[in-house]
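> Residue numbers (my numbering), protein chains in the order written: chain A, 24 to 148; chain B, 9 to 419.
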Ligand SMILES: Cc1ncc(COP(=O)(O)O)c(C=O)c1O
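(1) Taking contact to mean 3 or more Cβ pairs, one atom from each stretch, closer than 8 Å, check whether the region 42 to 54 of chain B and the region 388 to 401 of chain B are in contact.
(2) Cβ closer than 7 Å: which chain A residues qualify as neighbours of residue 358 of chain B?
(3) Considering only their Cβ atoms, is the gap separating residue 290 of chain B from residue 238 of chain B smaller than 8 Å?
(4) So residue 342 of chain B and residue 186 of chain B are supposed to be a Cβ contact under 8 Å. How far apart are they, rounded?
(5) Mind checking if residue 418 of chain B is an interface residue toward chain A, Cβ cutoff 8 Å exclusive?
(6) Helix, strand or coil: which one does DSSP assign to residue 56 of chain A?
(7) Could you give the DSSP three-state label for residue 238 of chain B: helix, strand or coil?
(8) Using the Cα positions of residue 348 of chain B and residue 161 of chain B, report the straight-line distance between them to the nearest angstrom.
(9) Check residue 70 of chain B in the structure and name its three-state DSSP category.
(10) Given this structure, state the Cα-to-Cα distance separating residue 136 of chain B from residue 356 of chain B, to the nearest angstrom.
(11) Just checking my contact of residue 378 of chain B with residue 216 of chain B at CB under 8 Å: how many whole Å lie between their CB atoms?
(12) Counting pairs of beta carbons, one from the region 49 to 69 of chain A and one from the region 109 to 119 of chain A, are three or more of them closer than 8 Å?
(13) Keeping to the same chain, check which residues put their C-beta closer than 7 Å to that of residue 104 of chain B; ignore five residues upstream and five downstream.
(14) Just checking: is the beta-carbon of residue 25 of chain A within a distance shorter than 8 Å of some beta-carbon in chain B?
(15) Assuming contact is defined by CB atoms lying nearer than 8 Å, are residue 116 of chain B and residue 146 of chain B in contact in what I supplied?
(16) Contact between the region 219 to 226 of chain B and the region 276 to 283 of chain B is defined here as three or more beta-carbon pairs at a separation below 8 Å; is this criterion met?
(17) Would you mind working out which of A/35, A/119 and A/48 sits nearest residue 69 of chain A, comparing C-alpha positions?
(18) Assuming contact is defined by CB atoms lying nearer than 8 Å, are residue 41 of chain A and residue 77 of chain A in contact in what I supplied?
(19) Along the chain, which unbroken stretches of the beta strand (DSSP E) at least 3 residues long are found entirely within the region 201 to 234 of chain B?
(20) Check whether the Cβ of residue 62 of chain A lies closer than 8 Å to any Cβ atom in chain B.
(21) Since residue 11 of chain A meets chain B, which of its residues come closer than 9 Å, beta carbon to beta carbon?
(22) Quick one: what does DSSP say residue 393 of chain B is sitting in, helix, strand or coil?
(23) Excluding the five sequence neighbours on either side, which residues of its own chain have a C-beta within less than 7 Å of the C-beta of residue 200 of chain B, listed in chain order?
(24) Give the interface partners of residue 306 of chain B over in chain A, defined as CB-CB distance under 9 Å, in chain order.
(25) What I want to know is whether the C-beta of residue 234 of chain B ends up closer than 7 Å to one or more non-hydrogen atoms of ligand 1.
(26) So, at 8 Å on beta carbons, what are the nonlocal neighbours of residue 19 of chain B in its own chain, with the 5 sequence-adjacent residues on each side left out?
(27) Check this for me: beta carbons of residue 122 of chain B and residue 178 of chain B, under 8 Å apart or not?
(28) Taking the beta strand (DSSP E) that residue 143 of chain B falls in, what are its first and last residues?
(29) What I want to know is whether the C-beta of residue 288 of chain B ends up closer than 7 Å to one or more non-hydrogen atoms of ligand 2.
(30) Strictly below 9 Å CB to CB, what residues from chain A border residue 77 of chain B?
(31) Answer yes if the region 79 to 88 of chain B comes into contact with the region 304 to 324 of chain B, meaning at least three C-beta pairs across the two stretches below 8 Å, and no otherwise.
(32) Roughly how many angstroms separate the alpha carbons of residue 157 of chain B and residue 39 of chain A, rounded to a whole number?
(33) Residues in its own chain within less than 8 Å of residue 276 of chain B by CB, not counting five upstream and five downstream?
(34) Use the C-beta contact count for residue 255 of chain B: other C-beta atoms within 10 angstroms, 16 or more gives buried, fewer gives exposed.
(35) Judging by CA-CA distance, which residue of B/150, B/155, B/108 and B/120 is the nearest neighbour of residue 134 of chain B?
(36) Hey, is residue 386 of chain B's beta-carbon within less than 8 Å of any beta-carbon in chain A?
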């Protein structure tokens with residue numbers, strides 16, 4: 024089965040939560056050194072919940088679709104629940120099987136969101 | 009078709025493979041696999057030690073490869089051939105062994121922005137470690153080294169100086185596919201400073217072109233067996249004998265030694281001084297079969313075949329994608345080997361390679377171990393198709409037609 028399913032291509036062609044939030048509590052960038060892909064993630068937090076999130080950047084269909092779906096998924100969620108998300112949660116959202124190389128593309132958004140939450144915690148401390 | 013696909017068992021399988029990644033590693037003909045098989049099944053002894061016939065045969069086959077390689081690249085003597093793990097290790101051997109002893113603060117090490125990381129990072133680190141200046145020759149927007157004046161005459165006065173100790177340059181670029189005029193470049197370097205030590209990275213040249221180290225007049229030359237129909241795990245360093253003799257060993261241990269005492273050791277002579285420990289015996293024997301295979305097909309025929317295929321592919325790509333397509337190095341005046349690296353607007357290289365992979369078409373996407381070049385070109389990453397003697401027009405056609413599908417999926 025192709026990994027380029029309609030759902031993935033839809034998100035790739037019109038990603039949700041695309042852009043940079045005007046007001047945010049965290050702003051991080053992550054990159055995939057093997058292809059030069061970059062994502063910037065901004066997010067807003069109220070009472071330990073992600074109330075808004077946006078991303079910009081360049082990437083392949085898999086990383087952009089993953090960013091689009093994952094930002095949908097984490098919006099409104101407790102920080103703690105998001106911190107606990109794993110590779111399997113991302114794969115479940117994408118609903119495809121990936122080889123190790125492409126897995127790195129799919130996991131870049133999760134890496135970004137985790138990094139953003141970590142940066143929040145360090146500023147709150 | 010130049011060479012029977014059936015010589016390459018991986019291509020004769022049912023899986024309908026379209027292999028367009030020969031610049032990363034070539035496929036292996038049955039003859040090479042057989043030569044290695046025979047070592048493992050009939051005489052798999054260690055070399056240079058046993059006094060029994062099995063070991064003597066293994067030693068003889070191994071050492072014969074040295075002679076075959078020496079003849080293949082025009083070396084004066086087989087003692088100038090050192091077996092390493094790959095081209096990368098060969099460069100590192102020179103950078104450590106020669107570089108650390110001869111390069112000092114204030115000296116200059118010169119390389120180019122189009123090098124593979126294997127011929128870039130060892131020199132960069134040598135410069136950082138010794139305090140030498142690391143000078144990197146830039147390219148023009150066409151992808152040619154920026155060392156020619158308006159009339160196409162070599163102009164190296166700005167880069168090579170009396171302080172230059174080492175000049176390291178590729179023979180064929182693994183991304184641009186261009187063949188550098190290395191012989192002329194070497195002559196021009198020597199004219200400015202005859203003392204410069206010149207290393208040529210021939211990893212992408214030896215598989216496709218006739219290379220002659222004496223004609224080139226370089227000091228060191230490196231390549232990998234796995235890109236020339238040989239096995240993985242074997243690389244070659246050729247060096248001028250007088251240089252090799254005066255260099256310290258890179259790795260210490262067995263096989264590279266004549267005498268060991270508690271208070272001192274005495275090294276073996278060249279080339280054994282640089283081959284510590286049990287080498288990849290089967291791999292070296294496989295390399296001998298690979299060279300024979302290449303000679304039987306004929307290097308001239310190979311490069312002509314690749315050149316035709318690459319030109320054909322470039323033409324088809326332009327037809328299919330118009331101005332959305334950009335092929336790096338295409339407008340260089342230099343001759344090309346069978347490498348076509350490109351970008352298509354709106355298509356991420358990973359997605360292109362991913363969609364083609366679903367059709368059993370193997371191409372590469374990314375930086376191809378040449379990040380300085382990609383940065384210079386302003387390309388985030390490229391897709392690369394590369395050809396060899398077993399590649400066919402049908403491969404190229406299938407590639408372009410599936411690429412069109414990918415384009416319509418992605419845009
Ligand atoms: C031009 C060039 N130099 C050096 C290398 C390094 O070869 P290896 O990885 O076998 O050491 C390569 C391989 O891709 C290459 O294309």
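No residue lacks a Cβ here, since even glycine has one placed at the ideal position from N, Cα and C.
Predicted model, so just to flag it, every value in this text is computed and none were measured.
The short version:
(1) no
(2) The sequence position of residue 358 of chain B within the second chain is 350, counting from 1. Correct list: 58, 83 and 128.
(3) The sequence position of residue 238 of chain B within the second chain is 230, counting from 1. The sequence position of residue 290 of chain B within the second chain is 282, counting from 1. Cβ distance not < 8 Å, so residue 238 of chain B and residue 290 of chain B don't count as in contact.
(4) Position 334 of the second chain, counting from 1, holds the residue named residue 342 of chain B. Position 178 of the second chain, counting from 1, holds the residue named residue 186 of chain B. Correct: roughly 4 Å between the Cβ atoms.
(5) Counting from one through the second chain, the residue named residue 418 of chain B turns up at place 410. Yes - at least one Cβ of chain A is within 8 Å of the one on residue 418 of chain B.
(6) The count along the first chain starts at 1 and reaches residue 56 of chain A at position 33. DSSP places residue 56 of chain A in coil when its eight states are reduced to three.
(7) In the second chain, residue 238 of chain B corresponds to position 230, counting from 1. Residue 238 of chain B: coil per DSSP, three-state reduction.
(8) Translated into positions along the second chain, residue 348 of chain B becomes position 340. Translated into positions along the second chain, residue 161 of chain B becomes position 153. About 27 Å.
(9) Within the second chain, residue 70 of chain B is the residue found at index 62, counting from 1. DSSP places residue 70 of chain B in helix when its eight states are reduced to three.
(10) Translated into positions along the second chain, residue 136 of chain B becomes position 128. Translated into positions along the second chain, residue 356 of chain B becomes position 348. C-alpha separation (whole angstroms): 35 Å.
(11) Here residue 378 of chain B is taken as the residue at index 370 of the second chain, counted from 1. Here residue 216 of chain B is taken as the residue at index 208 of the second chain, counted from 1. Between the beta-carbon of residue 378 of chain B and that of residue 216 of chain B there is about 18 Å, and that puts the pair past the 8 Å contact cut.
(12) no
(13) Residue mapping note: residue 104 of chain B aligns to position 96 of the second chain, counting from 1. The residues are 258.
(14) Within the first chain, the letter at position 2 stands for residue 25 of chain A. Yes, residue 25 of chain A counts as interfacial toward chain B.
(15) Taking the second chain and counting its residues from 1, one reaches residue 116 of chain B at position 108. Taking the second chain and counting its residues from 1, one reaches residue 146 of chain B at position 138. Result no, Cβ atoms of residue 116 of chain B and residue 146 of chain B do not sit closer than 8 Å.
(16) no
(17) Taking the first chain and counting its residues from 1, one reaches residue 69 of chain A at position 46. Taking only the C-alpha atoms, the option nearest residue 69 of chain A is A/48.
(18) Locating residue 41 of chain A in the first chain gives position 18, where the first residue counts as 1. Locating residue 77 of chain A in the first chain gives position 54, where the first residue counts as 1. Yes; because the gap between Cβ atoms is below 8 Å, this pair is in contact.
(19) Within the region 201 to 234 of chain B, the beta strand (DSSP E) runs of at least 3 residues that lie entirely inside it are, in chain order, 205 to 209 and 228 to 232.
(20) Locating residue 62 of chain A in the first chain gives position 39, where the first residue counts as 1. No, its Cβ sits nowhere closer than 8 Å to a Cβ of chain B.
(21) This structure does not reach residue 11 of chain A, given that chain A is present from 24 up to 148, and the question cannot be answered.
(22) Position 385 of the second chain holds residue 393 of chain B. Three-state DSSP puts residue 393 of chain B in a strand.
(23) For the purposes of this step, residue 200 of chain B is taken as residue 192 along the second chain, with counting starting at 1. Correct list, in chain order: 164, 165 and 168.
(24) For the purposes of this step, residue 306 of chain B is identified with residue 298 of the second chain, where counting begins at 1. Under the 9 Å cutoff, chain A gives no residues; its nearest Cβ is about 36 Å from residue 306 of chain B.
(25) The residue given as residue 234 of chain B occupies position 226 in the second chain. Yes, ligand 1 has a heavy atom inside 7 Å of this Cβ.
(26) Taking the first residue of the second chain as position 1, residue 19 of chain B is located at position 11. These residues qualify, in order along the chain: 13, 25, 27, 35 and 398.
(27) Your numbering for residue 122 of chain B matches position 114 in the second chain. Your numbering for residue 178 of chain B matches position 170 in the second chain. For residue 122 of chain B and residue 178 of chain B, yes; Cβs fall inside 8 Å.
(28) For the purposes of this step, residue 143 of chain B is taken as residue 135 along the second chain, with counting starting at 1. Element bounds for residue 143 of chain B: 141 to 145.
(29) Only ligand 1 can be found as ligands here, which leaves ligand 2 out of the picture.
(30) If you number the second chain from 1, residue 77 of chain B lands on position 69. Ordered by position in chain A, no residue passes the 9 Å Cβ test against residue 77 of chain B, which lies about 33 Å from the chain.
(31) Counting Cβ pairs under 8 Å, fewer than three are found: no touch.
(32) Walking along the second chain from the start, residue 157 of chain B turns up at place 149. Walking along the first chain from the start, residue 39 of chain A turns up at place 16. Approximately 52 Å, taken between the alpha carbons.
(33) The count along the second chain starts at 1 and reaches residue 276 of chain B at position 268. 263, 264, 265 and 266, listed in sequence order.
(34) Reading the second chain from its first residue, position 247 is the one you call residue 255 of chain B. With 16 or more other Cβ atoms within 10 Å, it is buried.
(35) To locate residue 134 of chain B, count along the second chain from 1; it is residue 126. Residue 134 of chain B has its Cα closest to that of B/108, out of B/150, B/155, B/108 and B/120.
(36) Your numbering for residue 386 of chain B matches position 378 in the second chain. No, because no Cβ of chain A sits closer than 8 Å to the Cβ of residue 386 of chain B.
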